[in-house]
Amino acid sequence: MLKRGYVGVFHRMSPEHLHRYVAEFEGRHNNRDQGTADQMAAMVRGAEGRRLRYRDLTNHDHGEHATAV
6 MLKRGYVGVF
16 HRMSPEHLHR
26 YVAEFEGRHN
36 NRDQGTADQM
46 AAMVRGAEGR
56 RLRYRDLTNH
66 DHGEHATAV
């Protein structure tokens, strides 16, 4: 399933974030018997009270630009 996702969806997986890809496909596999509405409801319940900002994910500070010297 992970290989299919690599070929069909992501096309490139960063080794740094590989655990995130594995966790996503693990969740898909574990919830495959649920209907779509139940899967979405579980996803929303799991995201409540959590926040993942792009800056925190990538460790980039987009407010500052590097200047050439």
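Numbering (the working numbering), first residue to last: 6 to 74. Each residue gets a CB set at the ideal place from its N, CA and C atoms; glycine is no exception. Model, not experiment: these values are computed from the prediction.
Residue state for Gly54 is assigned as coil, using DSSP reduced to three classes.
Counting along the chain, the unbroken alpha helix (DSSP H) around Arg60 starts and ends at 59 to 63. Taking C-alpha positions only, Arg17 is separated from Phe30 by approximately 15 Å. DSSP places Gly32 in the uninterrupted alpha helix (DSSP H) bounded by 23 to 35.
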